[in-house]
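What follows is a set of notes on a single structure, which appears directly below.
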Amino acid sequence: VTDIPITLVVNGEERSARVEPRRSLADLLRSDLLLTGTHVGCEHGVCGACTVLVDGEPVRACLMLGVQAQGHEVTTIEGLAADPVGQAVQEAMREAHAFQCGFCTPGFLTAITALLRESGPRLTRTEIREQISGNLCRCSGYEPIVDAVEAVAAKLDGVAA
Amino acid sequence: VKPAPFRYVAPSSVDELTRIVAEREDIADTAILAGGQSLMPLMALRYAQPTCLVDINGLAGELGRIGGDGDGLRVGALVRQRAAERDPGVAERVPLLAEALPSVAKPAVRTRGTVGGSLCYADAAAEIPLVAVALDAVMTAAGPRGDRAIPAREFFVGAYENALEVDEFLSGVTFRALPEGSGSSFLEISPRHADRAIIGVAAVVSGERGRVTDVRLALAGVAPTPVRATRAERTLGGQAPDPDAIAAAAQVAADDIDPDSDLPASADYRRHAAAVLVRRALQTAIGRAGGIA
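First to last, the sequence lines map onto chains L and C. Residues in the first sequence are numbered consecutively from 26, following the numbering used here. Residues in the second sequence are numbered consecutively from 21, following the numbering used here.
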């Protein structure tokens, strides 16, 4: 089995790599591109820790092959630091004490950023729960995470208005 | 949990895909990769170890379209579940599918997961196969002998087993539009929202002048494939949809299934839940069917 050369855009920057087909997008990001902010938990699509944005949509990076990222645009937690919505989400998570160990946090932040970009600020707690239902957190009990999303949604609403 | 090594092939046209699939000898050994949301976990856990993976994700132009097809809606095999649930044509012409899609999986899984992949995977508890059986959808199997239409009820032949030949692939599914004045409803019980269902029910009802003219009832998670409750359909057909007639039909549907017990639920629970869900789904579908009230 030979490695396959690919080119993709990660956090706004064009990157190239040679990838063995069986390696996941999460492997590519962490081991080849050294973006270790994307965490790998279960590696079979259950925990959501590895959630990244592919062409703006939340995706499990463990269930997509690295070679499949050819020609696509990937945003990781590192890329959210430069994104106004991503920044606002990070700040709201901090203020709401929405994490303890932080292992699941990158996955939550990417999923929540995608939600806020798509749905706009008017969100019910049910909608928030639906969007983060694919992300497991063993520390927080989820309530502060939902609080954080509500807070950031209200804040973005203020900016929009 | 890393997949075993495999050869990666990404055909650049449906013609090329047709040639590759025509030459394969074993579907488990030369596997088609669509959304990968079921296949990749199986490979990560090494339940599946294909030596060749045929990635069709580059064929969205040919296999990823939603469009009108006579009096129905054709959904390409590679249409993402998330795209289907946002599609106004699906919401308008196949509302049962639109209602069921959010229960298929979590949002980030639906981003990649495809309509055709879920149909081919043929999980008996899955929502899209249930909807296909309830609506008498027609699958298009493509292969070296050309296209072949397979009715949904013949497509699901066993647990995780579909009717495609080894040299065929699914290119799309056609849902016929319901007659004017019809209503539909989807309900399921699962341990957590968008987890694998313990039991799912789809009801489609048409009627006129206060009577039910056509009923279609399908259940998921109660047999090796999604099943139609044909005796219950006949029980309600031609009747006025009063609560007694609805409850009687629901009881018939529950009596006719022989579900298994497993970790999430016992057979008795599934039978009880079947009667309750069928009754509620019928009530909702009838309420939505303008022709009956």
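A virtual CB, placed ideally from N, CA and C, is assigned to each residue, including glycine. In this text, all values refer to a predicted model and were calculated from it rather than measured experimentally.
Top-ranked residue by Cα proximity to residue i, from the options
{"i": "Pro261/C", "options": "Ser58/C, Pro122/C, Arg308/C, Asp91/C", "result": "Arg308/C"}
{"i": "Gly81/C", "options": "Thr50/C, Gly109/C, Val34/C", "result": "Val34/C"}
{"i": "Leu65/C", "options": "Leu105/L, Ala74/L, Gly37/L, Arg47/L", "result": "Arg47/L"}
{"i": "Val221/C", "options": "Gly227/C, Thr245/C, Gly163/C", "result": "Thr245/C"}
{"i": "Ala146/C", "options": "Ala154/C, Gly133/C, Val124/C, Arg173/C", "result": "Val124/C"}
{"i": "Gly96/C", "options": "Leu79/C, Glu112/C, Arg231/C, Pro108/C", "result": "Leu79/C"}
{"i": "Pro23/C", "options": "Gln69/C, Ile47/C, Val41/C, Ser58/C", "result": "Gln69/C"}
{"i": "Leu295/C", "options": "Ile40/C, Thr194/C, Glu188/C, Gln271/C", "result": "For the record, residue 295/C in the displayed sequence is Ala; it is not Leu. Closest option to Ala295/C, Cα to Cα, is Gln271/C."}
{"i": "Ala103/C", "options": "Ser138/C, Thr134/C, Gly88/C", "result": "Thr134/C"}
{"i": "Val224/C", "options": "Gly241/C, Gly201/C, Val242/C, Pro211/C", "result": "Gly201/C"}
{"i": "Gly132/C", "options": "Glu105/C, Ala179/C, Leu116/C", "result": "As written in the sequence, residue 132/C is Arg, which differs from the Gly given in the question. Closest option to Arg132/C, Cα to Cα, is Glu105/C."}
{"i": "Asp280/C", "options": "Ala240/C, Thr250/C, Ala265/C", "result": "Ala240/C"}
{"i": "Val114/C", "options": "Tyr141/C, Asp278/C, Arg94/C, Pro263/C", "result": "Arg94/C"}
{"i": "Ala316/C", "options": "Arg251/C, Ala144/C, Ala172/C, Gly92/C", "result": "One cannot answer for residue 316/C here, as it falls past the ends of chain C, which runs 21 to 313."}
{"i": "Arg39/C", "options": "Pro284/C, Ala142/C, Val186/C, Leu62/C", "result": "Val186/C"}
{"i": "Leu73/C", "options": "Val177/L, Asp52/L, Leu90/L", "result": "Leu90/L"}
{"i": "Lys180/L", "options": "Glu152/L, Phe133/L, Gln115/L", "result": "Gln115/L"}
{"i": "Asp28/L", "options": "Arg119/L, Cys162/L, Glu39/L, Leu53/L", "result": "Leu53/L"}
{"i": "Ser32/C", "options": "Pro108/C, Ile219/C, Leu83/C, Glu228/C", "result": "Leu83/C"}
{"i": "Ala172/C", "options": "Asp264/C, Gly166/C, Ala183/C, Ala157/C", "result": "Ala157/C"}
{"i": "Thr149/L", "options": "Gly132/L, Ala176/L, Phe128/L, Arg163/L", "result": "Ala176/L"}
{"i": "Gly62/L", "options": "Val79/L, Cys72/L, Thr130/L", "result": "Thr130/L"}
{"i": "Pro169/L", "options": "Ala178/L, Leu78/L, Arg119/L", "result": "Arg119/L"}
Boundaries (first-last residue) of the beta strand (DSSP E) holding residue i
{"i": "Leu53/C", "result": "50–53"}
{"i": "Arg27/C", "result": "27–29"}
{"i": "Val77/L", "result": "76–79"}
{"i": "Thr304/C", "result": "Where Thr304/C is concerned, there is no enclosing beta strand (DSSP E), although the alpha helix (DSSP H) it sits in stretches over 287–308."}
{"i": "Phe176/C", "result": "176–178"}
{"i": "Pro171/C", "result": "166–171"}
{"i": "Asp89/C", "result": "86–89"}
Residue-level contact to chain C via CB, residue i, 9 Å cutoff
{"i": "His64/L", "result": "no"}
{"i": "Met118/L", "result": "no"}
{"i": "Pro30/L", "result": "no"}
{"i": "Val79/L", "result": "yes"}
{"i": "Cys162/L", "result": "no"}
{"i": "Arg48/L", "result": "yes"}
{"i": "Gly111/L", "result": "no"}
{"i": "Pro83/L", "result": "yes"}
{"i": "Ser158/L", "result": "yes"}
{"i": "Gly73/L", "result": "yes"}
Cβ shell of residue i (< 7 Å), same chain only, five flanking positions each side left out
{"i": "Pro83/L", "result": "Thr76, Thr135, Ala136, Ala139"}
{"i": "Ala267/C", "result": "Arg299"}
{"i": "Asn36/L", "result": "Thr100, Thr101, Glu103, Gly104"}
{"i": "Ser165/L", "result": "Ala123, Phe124, Gln125"}
{"i": "Ala144/C", "result": "Ala179, Ala240, Gly241, Ala243, Pro244, Thr245, Pro246"}
{"i": "Gly310/C", "result": "Gly201"}
{"i": "Pro199/C", "result": "Ser226"}
{"i": "Glu68/L", "result": "Cys87"}
Contacting residues, own chain, Cβ-Cβ under 8 Å from residue i (five flanking each side not counted)
{"i": "Gln93/L", "result": "Leu50"}
{"i": "Asp172/L", "result": "Ala121, Ala123"}
{"i": "Gly257/C", "result": "Val232, Thr233, Asp234, Val235"}
Residue-level contact to chain L via CB, residue i, 9 Å cutoff
{"i": "Met63/C", "result": "yes"}
{"i": "Asp280/C", "result": "no"}
{"i": "Gln271/C", "result": "no"}
{"i": "Tyr21/C", "result": "The amino acid at residue 21/C is misidentified as Tyr; the sequence shows Val. Yes, its Cβ sits closer than 9 Å to a Cβ of chain L."}
{"i": "Tyr28/C", "result": "yes"}
{"i": "Ala214/C", "result": "yes"}
{"i": "Thr131/C", "result": "yes"}
{"i": "Met159/C", "result": "no"}
{"i": "Gly56/C", "result": "yes"}
{"i": "Asn77/C", "result": "yes"}
{"i": "Pro108/C", "result": "no"}
{"i": "Asp53/C", "result": "Checking the sequence, you will find Leu at residue 53/C rather than Asp. So yes, Leu53/C belongs to the interface."}
{"i": "Pro31/C", "result": "no"}
Residues near residue i in its chain [Cβ-Cβ closer than 6 Å; skip 5 each side]
{"i": "Leu297/C", "result": "Leu207, Val221"}
{"i": "Ala238/C", "result": "Leu150, Val153, Ala154, Ala222, Pro246, Arg248"}
{"i": "Gly137/C", "result": "Ala54, Gly55"}
{"i": "Leu88/L", "result": "Gly70"}
{"i": "Ala301/C", "result": "Ser205, Leu207, Val221, Ala223"}
{"i": "Leu117/C", "result": "Val110, Val151"}
{"i": "Ala214/C", "result": "Ser123, Ala125, Lys126"}
{"i": "Ala30/C", "result": "Asp75, Gly78"}
{"i": "Ala186/L", "result": "Caution applies to Ala186/L, whose pLDDT of 43 falls short of 50 and renders its modelled position unreliable; the model cannot decide the point."}
Residue span of the alpha helix (DSSP H) that contains residue i, given as start and end
{"i": "Pro379/C", "result": "Nothing about residue 379/C can be read from this structure; chain C reaches only from 21 to 313."}
{"i": "Thr135/L", "result": "130–144"}
{"i": "Pro115/C", "result": "115–120"}
{"i": "Cys140/C", "result": "135–141"}
{"i": "Leu62/C", "result": "59–64"}
{"i": "Ala104/C", "result": "101–106"}
Query raised in the report: Between the region 193–200 of chain C and the region 41–53 of chain C, are three or more C-beta pairs nearer than 8 Å?
Result: Counting Cβ pairs under 8 Å, fewer than three are found: no touch.
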